[in-house]
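In our numbering, the protein residues as written are -19 to 316.
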Amino acid sequence: MLDKQSFSPAESSPALSRRFSVAPMMDWTDHHCRFFLRLLSKHALLYTEMVTTGAILHGDHERFLRHNEAEHPLALQLGGSVPADLAACARMAEAAGYDEVNLNVGCPSDRVQNNMIGAILMAHPALVADCVKAMRDAVSIPVTVKHRIGINGRDSYAELCDFVGQVNEAGCTSFTVHARIAILEGLSPKENRDIPPLRYDVAAQLKQDFPELEIILNGGIKTLEQCHEHLQTFDGVMLGREAYHNPYLLAEVDQQLFGSTLQVISRAEALAQLRPYIAEHLAGGGTMHHITRHVLGLGTGFPGARRFRQLLSVDIHKASDPLALLDQAGELLEGR
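So this is what it looks like as structure tokens:
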């Protein structure tokens, strides 16, 4: 089920910590992306894309649960609302070696709403509590929840506290809070990541009122300086789009947030360490773009960055020798 390649970014995985994590992002945080991000940070907790219980139980579960041993610490995010199904998927996740299972209570898309998945579940705290209890009874790994501060029609602070309180009573002690409400009608998922205003103050009040819970802040965080600031209030920070579009930000996470004394990896070193993984993927019949689409963000902020991105996003599709083109791109990163 799992990829067991000999090449590995780490000799052994650090213990799971939610001090800094990279958010689950559909179409982005696949296993190739996670392998690459792990080269930059050994300590960051990585999340899979949201996978529905139906996909795992009735689809190719080995494909959906596939990951490389080097990706740890690693959490699987599930989408679903049937306690028995979530429990079954949690057991499969634990058997596959995941370090945590997370329930999505934040996705606002119409498609998942219609299947009682994501943010709509904030209107049903008792059901979420049942889901959490079923998963906790099924596995020994942590079960966590990622949610919004509310949804339209249920966006008062009292209702947020009711949600967190009921889910906590079911045994969940770690909540990742996307500090925006979700508008379930009239806004696209993309608009729901920008238009509802960020309310860090609401998330901070939640931490103050539930001091015994682990509260991880998500939403709009772009720099490690902001991470340091938020960690004065919260137990952890989760970055999404910024970590994807500017992945080299992760290169200093271990030193700045986890006290690592190891030297910061350079852009060129990261790409060089990724090369054997890419070669293995090509040898297995894959295309290089499957992987290199995730590394385009290394090409930012220096002369030649645009050419780097062009090589790996445009020229790659007509390259007769993809690895030679990768090496050409790598030369643009030398000294960076």
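Beta carbons: idealized from backbone N, C-alpha and C, even for Gly.
Please read these numbers as outputs of a predicted model, since none were measured by experiment.
query	result
Cut-off 7 Å between Cβ atoms - residues of its own chain near Phe282, not counting five sequence neighbours on either side	Arg316
Straight-line gap, Ala183 to Gly130 (C-alpha atoms, nearest Å)	11 Å
Proximity below 9 Å, CB of Gly34 to CB of Gly60	yes
Cβ contact (3+ pairs, closer than 8 Å) linking the segment 201 to 208 and the segment 156 to 163	no
Inter-residue Cα distance where the pair is Arg71 and Glu311	45 Å
Candidates Asn148, Leu305, Leu276: closest to Leu322 by CA position	Here the chain comprises residues numbered -19 to 316, so residue 322 is not present and cannot be evaluated.
Other residues of its chain near Phe238: CB distance less than 6 Å, five sequence neighbours each side excluded	His23
First through last residue of the beta strand (DSSP E) which encompasses Leu54	54 to 59
Segment contact, 8 Å Cβ cut-off, at least three pairs: the segment 106 to 113 with the segment 146 to 154	yes
His12 beta carbon less than 9 Å from that of Ile271	yes
Leu324, enclosing beta strand (DSSP E) - first and last residue	Because the chain in this structure spans residues -19 to 316, residue 324 falls outside the shown range and cannot be described.
Coarse secondary structure for Lys187, derived from DSSP in three states	helix
Own chain partners of Thr318 with C-beta closer than 7 Å, once the 5 adjacent residues on each side are dropped	Examination of residue 318 is not possible in this model, given that the chain is present from -19 through 316 alone.
Secondary structure, beta strand (DSSP E): runs of 3+ residues fully inside the segment 100 to 188	123 to 131, 154 to 162
Assigned exposure category for Ser(-14) - 16 Cβ within 10 Å defines buried	Its pLDDT being 43, under 50, Ser(-14) is placed unreliably in this model, and the value from its coordinates should be taken loosely. Under this definition Ser(-14) is an exposed residue.
Beta strand (DSSP E) segments (min. 3 residues) lying fully within the segment 226 to 270	none
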